[in-house]
């Protein structure tokens with residue numbers, strides 16, 4: 001599972017009014033008045049309208065809890081062991097949370113609080129003070145997390161002053177915490193099957209510092225089709241570059257892009273065939289273990305096993321309060 005797990009997004013309960021608000025926003029964006037109209041309009045119009053709605057809501061199109069198809073929240077299922085006992089790979093992109101465009105307009109503490117209370121409802125209100133402590137209004141601690149890969153200072157806010165702060169929360173709340181929740185569920189319920197975790201940190205050709213190693217950027221790598229047009233020179237050719245140029249090209253040359261893809265394809269194919277991602281040409285990838293939690297970082301010549309403990313206080317806080325954050 002790429003970019004988290006099956007439990008990534010918040011769930012609505014039948015009594016929640018926000019699904020109706022999302023539906024009304026979608027109707028307005030299409031100039032439709034009812035469902036029958038939505039079913040007949042051109043797909044391109046509907047797609048454009050959906051993109052407009054997503055700019056306002058973090059997670060507008062998500063399931064509603066019901067007795068038949070979606071009977072309980074993922075946090076309950078993983079805590080109680082009610083999920084399939086099969087091996088799996090799960091991971092995230094370094095900067096998954098930058099895909100929410102509305103976070104670019106967050107410029108104050110009040111905007112920050114309103115952004116998440118609007119998405120998660122009144123039950124989130126008591127968690128906002130803690131959220132503000134866990135994610136200070138410091139661009140250097142925000143997402144994108146490694147702007148130095150583009151030669152940009154980590155203290156650069158990029159957009160409005162709290163864009164990186166907001167994107168950091170989205171990355172952890174929607175992607176990183178659910179990934180860990182599923183891995184913890186496997187181990188805490190003593191499932192027989194093993195699981196492996198990864199972090200995709202490869203800067204791609206044509207990528208922008210504003211979005212970093214963004215959501216979905218790992219997909220072409222797993223299909224042996226990584227972007228290699230207009231990538232910087234290989235790392236071997238960096239002699240003579242000034243510091244800013246060297247930083248910009250760090251782990252982003254053609255050799256890094258291609259080798260990242262080759263390692264991911266090898267690991268994915270090995271997993272599909274052997275139920276284990278360890279394959280020739282890939283560093284040893286240990287299965288996830290709570291006593292020594294680790295992830296494979298895919299980043300060209302810097303591909304290596306790293307501790308899966310970064311921002312653990314933040315993700316543990318989300319997982320300890322599933323009702324607050326609808327997980």
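Numbering (the UniProt record's numbering), first residue to last: 1 to 327. Cβ atoms here follow ideal geometry from the backbone N, Cα and C, with glycine treated the same way.
Between the segment 161–175 and the segment 271–279, are three or more C-beta pairs nearer than 8 Å? Not touching, per the Cβ criterion.
Going by beta carbon distance, what residues of the same chain come within less than 8 Å of residue 313, once the five residues before and after it are set aside? Position 313 of the chain shown, counted from the first residue, corresponds to residue 313. Excluding positions up to five away in sequence, the list reads 134.
Identify, in the order they occur along the chain, each residue of the same chain with its Cβ nearer than 6 Å to the Cβ of residue 155, setting aside the five sequence neighbours on each side. Sequence index remark: in the chain shown, residue 155 carries index 155 (1-based). Closer than 6 Å at Cβ, skipping near neighbours: 139 and 140.
In the structure shown, what three-state DSSP assignment does residue 140 receive? For this step, residue 140 is matched to residue 140 along the chain shown. In this structure, residue 140 counts as helix in the three-state DSSP scheme.
Could you tell me which residues DSSP puts in a beta bridge with residue 95? Here residue 95 refers to the residue found at position 95 when the chain shown is read from its first residue. Beta bridge pairing from DSSP links residue 95 with 214.
Just the C-alpha distance for residue 149 and residue 317, rounded to the nearest angstrom, thanks. Within the chain shown, numbered from 1, the residue matching residue 149 stands at position 149. Within the chain shown, numbered from 1, the residue matching residue 317 stands at position 317. Separation of residue 149 and residue 317 (C-alpha to C-alpha, rounded to the nearest whole angstrom) is 29 Å.
Can you tell me whether DSSP reads residue 196 as helix, strand or coil? As a first step, residue 196 is located in the chain shown; it is residue number 196 there, counting from the start. In the structure shown, the three-state DSSP call for residue 196 is strand.
Residue 52: first and last residue of the uninterrupted beta strand (DSSP E) it sits in: Start at 1 with the first residue of the chain shown, and residue 52 comes out as number 52. That residue, residue 52, is in no beta strand (DSSP E); its alpha helix (DSSP H) goes 43–56.
Assigned secondary structure, residue 258 (DSSP; H/G/I helix, E/B strand, else coil): To locate residue 258, count along the chain shown from 1; it is residue 258. When secondary structure is reduced to three states using DSSP, residue 258 falls in the helix class.
Beta-carbon contacts of residue 93 that lie in its chain and below 7 Å, excluding the five residues immediately before and after: Mapped onto the chain shown, residue 93 falls at position 93. Cβ neighbours of residue 93 beyond the five flanking positions: 3, 200, 213, 214, 215, 217 and 218.
Under three-state DSSP, which class holds residue 174? Numbered from its first residue, the chain shown carries residue 174 at position 174. Here residue 174 sits in helix by DSSP.
Any idea what DSSP makes of residue 307, helix, strand or coil? Walking along the chain shown from the start, residue 307 turns up at place 307. Here residue 307 sits in strand by DSSP.
Going along the chain, which residues of its own chain have a beta-carbon closer than 7 Å to the beta-carbon of residue 160, five neighbours each way excluded? Translated into positions along the chain shown, residue 160 becomes position 160. Only residues of its own chain outside the window of five on either side were considered, and among them 104, 105, 106 and 107 have a CB closer than 7 Å to the CB of residue 160, listed in chain order.
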